[in-house]
Structure formats: C-alpha cells, structure tokens
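So the structure is just underneath, and the comments pick up after that.
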Amino acid sequence: MNEINILLADEDATMELGAKLGAALTGGGIVYLQGDLGAGKTTLCRGLLRSLEYLGAVKSPTYTLVEPYEINNRRLFHFDLYRLGDGEELEYMGIRDYFAEDNLCLIEWPERGEGFLPAADLIVKVLPLAMGKTMGREAKINALSSLGSNVVTQLSLSLSFKQLAPNKVE
Ligand SMILES: Nc1ncnc2c1ncn2[C@@H]1O[C@H](COP(=O)(O)OP(=O)(O)OP(=O)(O)O)[C@@H](O)[C@H]1O
Ligand SMILES: [Mg+2]
Numbered sequence: 007m008n009e010i011n012i013l014l015a016d017e018d019a020t021m022e023l024g025a026k027l028g029a030a031l032t033g034g035g036i037v038y039l040q041g042d043l044g045a046g047k048t049t050l051c052r053g054l055l056r057s058l059e060y061l062g063a064v065k066s067p068t069y070t071l072v073e074p075y076e077i078n079n080r081r082l083f084h085f086d087l088y089r090l091g092d093g094e095e096l097e098y099m100g101i102r103d104y105f106a107e108d109n110l111c112l113i114e115w116p117e118r119g120e121g122f123l124p125a126a127d128l129i130v131k132v133l134p135l136a137m138g139k140t141m142g143r144e145a146k147i148n149a150l151s152s153l154g155s156n157v158v159t160q161l162s163l164s165l166s167f168k169q170l171a172p173n174k175v176e
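If you number the sequence shown the way my numbering does, the last residue is 176 and the count never jumps.
Below, the structure is given as structure tokens:
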C-alpha cells in the first residue's frame, strides 16, 4: 500500500502515530514531515521518542537545524529546516553521515533542503481538520519506497486509527 489518510482527533493521536512509525521503522528510514507552522510535526516526533522511553524535552531544533538522539542503540536525527537559508549549509554541516542506512531521520520543512536531502521513504503531511467545534488533524501518508509501503500497510492494519477517504478535498 502506498497511501493512507488517518484521522488524528487530538494531540494523543498524533503522538500515537509517531509511536507507530517508530515501531515500524526499527531499521531506520527517511521521513519527510510536511504541514504548516503548528500543524503537529514536532508532536509526532515527540510521540515517537516517548515511545522509545526518551524522557527529555523534545523541541523543534529550529536554530540548530538538527537534534541527534541515540536510544537503545538506535540513532535518530530530528531535523527542522525552517530556518535553513541555503541547502548548501547542510553540506557544510556534514549531514551526509546522518543519512546512513540504519538511522531514522525525521525531517520537518524538507522543502527548504530540496536537492540536498536523500529521497524520502515516507512523506507525512499533517493538515488541520475541523471537527465540530474543535480542530483536529489529518495525516496524509505517502510511501515512496518498498520500506515506506510496508509501513503504510502496517498502519492500515492497526486498529488505533480511523482511516479517512483517500480523495477528500483539502
Ligand atoms: N491531532 C491533533 N489535534 C489537535 N491538536 C493537535 C494535534 N496534534 C498536535 N496538536 C497540537 O498542535 C500543535 C502542534 O505544534 P507542533 O510544534 O507539533 O507543530 P509543528 O508542525 O512542529 O510546527 P513548526 O513548523 O512550527 O515546527 C501543538 O499545540 C499540539 O498540541
Ligand atoms: Mg516543529
């Protein structure tokens, strides 16, 4: 399966999606996180890290661009490229090493690093979703590799999420 849309009714659901992605990507992978300011991208990363029992603060590394984590022999890198001026900066930072095969890279604002980033296994786009008086989110998830497809299939089999119709108008 290459595509799934999931209802994220509240912050906990976004955290749960993060946890599920972490469980499905034990061997690493490249995940692009798209969506506007405040969409829920960092919340998803926090959910993933919490599920690995990381107890520290998880903030968007807006100024440092990347935050490395090493948890139970897993290497994770959380990028926030919102303030990236020029993609070449990424080369100077030596980020190529970060993209080793078994590392898990979660990349907020990947658009800013276009041309300097490896191809994504998964693209997760978080969008606002009106739910009566409250505002939830929709996660539109696309797989771009066989690894990504396996993850989408696993998510589709999970009972934790309500799936939304694929062609819902945005
Ligand atoms: N499914 C959800 N329903 C309602 N609110 C949510 C949901 N998921 C996350 N939120 C809330 O939305 C906000 C998202 O903030 P977050 O920092 O995760 O956004 P972001 O996409 O990383 O933004 P930025 O681009 O500025 O880094 C938080 O206040 C969080 O509680
Ligand atoms: Mg963020």
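Where is the CB? At the ideal position from N, CA and C, for every residue including glycine.
| query | result |
| --- | --- |
| Backbone CA spacing between residue 93 and residue 107 [nearest angstrom] | 21 Å |
| Expected contact under 8 Å - CB spacing of residue 83 and residue 114 to nearest Å | Rounded, the Cβ-Cβ distance is 11 Å, inconsistent with contact. |
| Residues near residue 118 by beta carbon distance below 7 Å, same chain, minus five either side | 87, 88, 90 |
| Residue 45 CB to nearest heavy atom of ligand 1 below 8 Å | yes |
| Rounded separation between residue 138 and residue 17 - CA only | 16 Å |
| Touch test, the stretch 69-81 against the stretch 98-105, Cβ-Cβ under 8 Å, three pairs minimum | yes |
| Residue burial classification, residue 42 (beta-carbon count within 10 angstroms, cutoff 16) | exposed |
| Contact the stretch 148-159 vs the stretch 123-140: 3+ CB pairs below 8 Å | yes |
| Nearest residue (CA-CA) to residue 153, options 35, 26, 111, 29 | 35 |
| Nearest-angstrom beta carbon gap, residue 50 and residue 24 [assumed within contact, 8 Å] | 4 Å |
| Reduced DSSP category for residue 141 - H, G, I as helix; E, B as strand; rest coil | strand |
| Backbone CA spacing between residue 12 and residue 57 [nearest angstrom] | 19 Å |
| Between the CA atoms of residue 48 and residue 111 - distance to the nearest angstrom | 13 Å |
| Proximity below 9 Å, CB of residue 157 to CB of residue 143 | no |
| Opposing strand residues paired with residue 179 [DSSP bridges] | The structure shown has nothing for residue 179, since the chain only spans 7 to 176. |
| CB of residue 161 within 9 Å of CB of residue 10, strictly | yes |
| Buried or exposed by the 16-neighbour rule on C-beta atoms within 10 Å, applied to residue 46 | buried |
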